[in-house]
Amino acid sequence: MQYQRLGRTGLKVSKVSLGTMAFGRWIGEQEAGQVLDAALDAGINLIDTADVYGRGMDQNNPLLTGESEEILGRLLQGKRDQVVLATKVNGRVGNGVNDAGLSRFHIIRAVENSLRRLQTDHIDLYQVHRFDPQTPLEETLRALDDLVRQGKVRYIGASNFAAWQLAKAHGISDRLQLHRFESIQPEYSILRRDIEQELLPFAEAESVGVIVYSPLGRGLLTGKYRRGEAPPQGSRGAAGEQRLLALLEQERHFHIVEGLKSLAERRGWTLPQLALNWVLSNPVVTSAILGASRPTHVTEAVRYIDERLSAQELEDIDKLVRQAETPLFAK
Ligand SMILES: NC(=O)c1ccc[n+]([C@@H]2O[C@H](COP(=O)([O-])OP(=O)(O)OC[C@H]3O[C@@H](n4cnc5c(N)ncnc54)[C@H](OP(=O)(O)O)[C@@H]3O)[C@@H](O)[C@H]2O)c1
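Residue 190 is where the sequence shown starts when you use our numbering, and the numbers rise one by one after that.
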């Protein structure tokens, strides 16, 4: 496993990190423990969760949140110091008007709840899950800065921010002498490349760490979903993950997956290996957060991460994606 500095900080994180959105949502604690062990054995040191991860995400019930953090808290007993633990705040965790968002009121309550569930006295990377248009960034950044100064949080980051939102936040941190967002967590895969336009150039210019999520397109880039067929049993598609089901409705995605199959075969790789390596081929990406519901998902995906795709292979993938944008496929 290779490790890289998170942006301009001295913190070193693994090129592949483990996402735990499945913990307590699609898999139980025993399977989660096996997935975590496989990740630690592979040298993964960055573990990502969020206060909202849990069954409530599929049932639209904010009271069923926090299971991923709870499971992780138990599983990390005795291993806490081995990992860089990242979690998030902003999602709805209750029915009250202040049970979501990035107000000082909510952040301070949310961090205490995350610390309790994770059974730790500090969070290594505390990320705001998305922009909150109803709270001034000054208020959010001052609250986060307090948490760093209190020792409850080591570094702060942002997720799902546009480049202008991150630039504005950096300007405020700079002006008010507050800790700044040192990382950004956007979605990035062969299927979702919009961050190449603004966010990645910004992150590179400002030395912001880039931790990308859903590198396998939520499972679509593993080839297990087939056009016109019901999702395979036991998959997230079968469990009804809304964002994945939306991806499965687009013909262009199947066109891309089919084209990738022959490229992967030529290398003797599987589709997940190709999809993960493609994300890591972008030098601006610090770490890719892999999702896994079985330990073999981790061992398989990381097998060739020290190898790089050739310029020709990257060009072939670009061509495939461009082709999929034509009106014939872009439905
Ligand atoms: N900041 C945000 O807003 C945000 C949003 C989404 C995710 N995330 C983070 O990113 C992490 C990863 O996201 P993701 O789970 O969508 O990532 P992903 O890596 O694109 O998808 C992972 C899914 O692919 C399937 N898979 C993986 N390896 C496989 C293999 N070898 N064969 C067959 N299927 C395989 C599994 O699906 P099955 O479970 O169906 O087997 C697994 O759950 C999350 O856990 C979370 O920490 C953050």
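Cβ atoms here follow ideal geometry from the backbone N, Cα and C, with glycine treated the same way.
| query | Does at least one heavy atom of ligand 1 sit under 7 Å from the Cβ of I494? | reply | Not so, every heavy atom of ligand 1 lies at least 7 Å from the Cβ.
| task | Out of R425, L437 and V399, point me to the one whose CA is closest to R415's CA. | result | Closest option to R415, Cα to Cα, is L437.
| Nearest CA to the CA of A231: which residue from F212, L200 and M190? | Taking the Cα of A231 as reference, the smallest distance to any Cα among F212, L200 and M190 is reached at M190.
| message | I'd like to know if L433 contacts chain B, where contact means its C-beta is closer than 8 Å to some C-beta of that chain. | response | In the structure shown, chain B cannot be found, because there is only a single protein chain.
| message | Taking 7 Å as the cut-off, is the C-beta of L265 nearer than that to any heavy atom in ligand 1? | response | When distances are taken from the beta-carbon of L265 to the heavy atoms of ligand 1, even the shortest one reaches 7 Å or more.
| message | I need the straight-line Cα distance from F320 to K201, nearest angstrom please. | response | The straight-line gap from Cα to Cα measures roughly 26 Å.
| task | Could you pull the start and end residues of the beta strand (DSSP E) that I400 belongs to? | result | Per DSSP, I400 belongs to the beta strand (DSSP E) from G398 to Y402.
| task | Put I494 into one of helix, strand or coil per three-state DSSP. | result | In the structure shown, I494 sits in coil (DSSP, three-state: anything other than H, G, I, E or B).
| said: Tell me which residues share the same chain as G262 and place their Cβ nearer than 6 Å to its Cβ, disregarding the 5 neighbours each side in the sequence. | reply: The residues are R306, L307 and Q308.
| When we look at the beta-carbon of W353 and count the other beta-carbons within 10 Å, is it buried (16 or more) or exposed? | Flag for W353 reads exposed.
| query | Whose C-alpha, out of E256, S396 and A299, is nearest the C-alpha of T198? | reply | Nearest of E256, S396 and A299 to T198, Cα basis: S396.
| request: Please name the residue, chosen from G406, L434 and V278, that lies closest to E418 on a Cα-to-Cα basis. | output: The candidate whose alpha carbon is nearest that of E418 is L434.
| query | Nearest to R441 by CA position, among L195, H295 and R511, is which residue? | reply | Residue R511 is the option with its Cα nearest to R441.
| DSSP on T209, reduced to helix/strand/coil? | In this structure, T209 counts as coil in the three-state DSSP scheme.
| Anyone know if the C-beta pair for W215 and R425 falls short of 8 Å? | Yes, they are a contact pair.
| said: In this structure, how does DSSP classify I373 when only helix, strand and coil are distinguished? | reply: It is a strand residue.
| query | Going by the beta-carbon positions, is the gap between A351 and L326 smaller than 8 Å? | reply | Going by beta carbons, A351 and L326 fall outside the 8 Å limit.
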